Amino acid sequence: MLSYRHSFHAGNHADVVKHIVEMLIIENLTQKEKGFYYLDTHSGVGRYRLFSQESEKTAEFEEGIARLWQRDDLPEEVQRYVDLIKKLNYGGKELRYYAGSPLIAAQMLRPQDRGLLVELHPTDFPLLRNNFKEFKNISVKRDDGFQQVKATLPPKERRGLVLMDPPYEMKEDYDLVVNTIVEGYKRFATGVYAVWYPVVLRQQSKRIVKGLEASGIRKILQIELAVRPDSDQRGMTASGMIVINPPWQLEAQMKKILPYLTNVLVPEGTGSWSVNWIAPE
Ligand code: SAM
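The following block contains the structure:
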């Protein structure tokens with residue numbers, strides 16, 4: 001089943017938090033001269049037109065990136081993220097395009113770094129390939145992203161970030177994420193792993209937390225922004241990132257910026273945020 005298309009959701013509040021966390025991790029990796037490996041297991045197409053039929057239909061970006069676009073009081077980390085998106089918008093007057101996770105990374109990778117973008121969807125894969133053909137140190141592959149974790153770790157650089165962002169269309173994805181991290185970690189225990197998760201039904205995202213707790217892996221940070229309290233009705237009420245081996249600054253950075261993001265992205269006042277260790281060092 002491959003019915004999920006990220007173009008309906010690009011730039012929403014979940015993308016904002018996901019891509020800020022991704023940016024902060026990559027900023028940390030680029031502090032050392034030595035190159036690193038970036039693996040995007042579920043890439044999407046990499047670049048989104050916000051005035052496409054799909055985006056306009058849901059208009060989710062209006063409650064995400066659009067709420068940050070004109071602000072002049074952004075915390076510095078959020079400013080750097082908005083600046084990355086402004087670069088795609090000819091300096092940033094009008095918000096027309098949004099970067100997917102591969103393009104956030106591609107803008108930050110240096111010549112000594114290497115990226116692999118994996119996407120399975122038969123329609124999205126050619127779009128992804130086309131969007132990244134100019135990037136010399138980035139390759140694309142049509143495959144199951146979970147398989148590529150096993151197939152490509154450990155990277156020759158011995159440094160890297162694995163971003164795992166499945167659509168969770170199938171309930172098995174919750175367990176697959178945990179199993180794939182355990183497999184990846186066996187091969188590459190010093191890598192950074194960042195997993196996105198939605199909260200639709202809280203017990204589903206808890207499967208990931210419980211699975212990781214049981215794995216014995218240490219240094220697991222959970223970052224979450226909720227737009228509404230948990231509910232058993234349809235729809236995503238919150239989303240988050242689980243980061244294994246996070247850069248040491250990430251906890252403090254997110255504790256600083258999440259109160260701001262919660263206020264600005266959820267002006268209705270129903271939002272909340274959290275940063276917790278699933279397993280400390
Ligand atoms: N990471 C992207 C971003 O932040 O811009 C968004 C990714 S979207 C949430 C999930 C993507 O995974 C979809 O494009 C979907 O087609 C793709 N997909 C679904 N199952 C997959 C699999 N097993 N392997 C690789 N890609 C898959």
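Counting in UniProt numbering, the sequence shown runs without a single skipped number right up to 281 at its last residue. The C-beta atom is built at its ideal place from N, Cα and C for all residues, glycine as well. Note that the structure is a prediction, hence the values are computed from the model and not measured.
Limits of the unbroken beta strand (DSSP E) element including residue i
| i | result |
| --- | --- |
| residue 279 | 272-279 |
| residue 191 | Careful: residue 191 lies outside any beta strand (DSSP E) and carries neither H nor E. |
| residue 151 | Not the beta strand (DSSP E): residue 151 falls in the alpha helix (DSSP H), residues 145-152. |
| residue 136 | Element bounds for residue 136: n/a, residue is neither H nor E. |
| residue 239 | 238-244 |
| residue 162 | 160-164 |
| residue 40 | 37-40 |
| residue 48 | 47-49 |
Straight-line gap, residue i to residue j (C-alpha atoms, nearest Å)
| i | j | result |
| --- | --- | --- |
| residue 109 | residue 79 | 19 Å |
| residue 244 | residue 160 | 12 Å |
| residue 196 | residue 23 | 14 Å |
| residue 141 | residue 148 | 9 Å |
| residue 43 | residue 81 | 19 Å |
| residue 193 | residue 155 | 13 Å |
| residue 104 | residue 214 | 32 Å |
| residue 3 | residue 173 | 14 Å |
| residue 217 | residue 91 | 43 Å |
| residue 26 | residue 167 | 23 Å |
| residue 54 | residue 209 | 32 Å |
| residue 297 | residue 76 | Lying outside 1 to 281, the shown extent of the chain, residue 297 is not represented and no answer is given. |
| residue 239 | residue 158 | 30 Å |
| residue 178 | residue 219 | 15 Å |
| residue 260 | residue 191 | 29 Å |
| residue 272 | residue 242 | 17 Å |
| residue 70 | residue 146 | 38 Å |
| residue 256 | residue 73 | 14 Å |
| residue 13 | residue 207 | 23 Å |
| residue 52 | residue 198 | 24 Å |
| residue 67 | residue 61 | 8 Å |
| residue 34 | residue 165 | 26 Å |
| residue 269 | residue 258 | 14 Å |
| residue 11 | residue 20 | 12 Å |
| residue 86 | residue 93 | 8 Å |
| residue 189 | residue 176 | 18 Å |
Residues of its chain near residue i, where Cβ-Cβ distance is below 7 Å and the 5 sequence neighbours each way are ignored
| i | result |
| --- | --- |
| residue 89 | 95, 96 and 97 |
| residue 111 | 137 |
| residue 143 | 118 and 120 |
CB contact below 7 Å: residue i versus chain C
| i | result |
| --- | --- |
| residue 263 | Absent from the structure is chain C; it holds one protein chain and no more. |
Supposed close pair residue i, residue j - CB separation, criterion 8 Å
| i | j | result |
| --- | --- | --- |
| residue 107 | residue 84 | 6 Å |
| residue 63 | residue 265 | 7 Å |
| residue 101 | residue 163 | 6 Å |
| residue 181 | residue 153 | Going by Cβ atoms, the distance from residue 181 to residue 153 rounds to 11 Å, so no, they are not a contact pair. |
| residue 57 | residue 125 | That pair is no contact at about 22 Å. |
Contact set for residue i: own chain, Cβ-Cβ below 6 Å, skip 5 residues either direction
| i | result |
| --- | --- |
| residue 17 | 225 |
| residue 6 | 44 |
| residue 114 | 37 and 137 |
| residue 254 | 223 and 275 |
| residue 246 | 221 |
| residue 150 | 183 |
| residue 200 | 236 |
| residue 187 | 153 and 154 |
Limits of the unbroken alpha helix (DSSP H) element including residue i
| i | result |
| --- | --- |
| residue 253 | 250-265 |
| residue 218 | Here residue 218 belongs to no alpha helix (DSSP H), and DSSP marks it neither H nor E. |
| residue 32 | Unbroken run through residue 32: none, as it is neither H nor E. |
| residue 184 | 172-187 |
| residue 67 | 66-69 |
Neighbourhood of residue i by C-beta distance below 8 Å, restricted to the same chain and skipping five residues each side
| i | result |
| --- | --- |
| residue 47 | 88, 97, 98, 99, 100, 103 and 131 |
| residue 116 | 37, 38, 39, 40, 138, 139, 140, 141, 148 and 152 |
| residue 233 | none |
In the segment 80-133, which residue ranges form an unbroken beta strand (DSSP E) of at least 3 residues, counting only runs that do not cross its ends? 97-99 and 114-119
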